[in-house]
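Residue numbers (this note's numbering): 1369 to 1489.
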């Protein structure tokens, strides 16, 4: 059988691997993609999730990181932004808050300082 398909011993038919799995030529079973990777139906390999997304083991799709988190390529999870930084949904990095604004950990936006207050960023 070609890559992306499998056949059990004694079978004359090849079966397509489902999304989130892959196989090489001559496989007897499909293998789940590692966390941080994904595949479509009939894949002979898995591809890494792009920065700003993540996936669990055996995923067909990568999921966007929520605001306040980020990831690099091939991530199995998103990481929260540090205090004083923020990120939008699907970000591969966190932006520093501008002067006069602040944020808590895992913030999706920076907040303007209250009257009489300031920030060092």
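Every residue gets a Cβ at the ideal spot worked out from N, C-alpha and C, and that includes glycine.
Alpha-carbon to alpha-carbon, residue j and residue i
| i | j | result |
| --- | --- | --- |
| residue 1451 | residue 1387 | 38 angstroms |
| residue 1454 | residue 1416 | 24 angstroms |
| residue 1392 | residue 1467 | 54 angstroms |
| residue 1408 | residue 1435 | 27 angstroms |
| residue 1373 | residue 1379 | 13 angstroms |
| residue 1482 | residue 1469 | 9 angstroms |
| residue 1424 | residue 1402 | 7 angstroms |
| residue 1399 | residue 1383 | 13 angstroms |
Counterpart residues of residue i in DSSP-defined beta bridges
| i | result |
| --- | --- |
| residue 1406 | 1415 |
| residue 1479 | 1470 |
| residue 1400 | 1389 |
Buried or exposed by the 16-neighbour rule on C-beta atoms within 10 Å, applied to residue i
| i | result |
| --- | --- |
| residue 1389 | buried |
| residue 1486 | exposed |
| residue 1480 | exposed |
| residue 1475 | buried |
CB-CB length for residue i against residue j, believed under 8 angstroms
| i | j | result |
| --- | --- | --- |
| residue 1427 | residue 1406 | 5 angstroms |
| residue 1459 | residue 1438 | 5 angstroms |
| residue 1449 | residue 1473 | 7 angstroms |
Runs of alpha helix (DSSP H) lying entirely within the region 1425-1475, each at least 4 residues, in chain order: none
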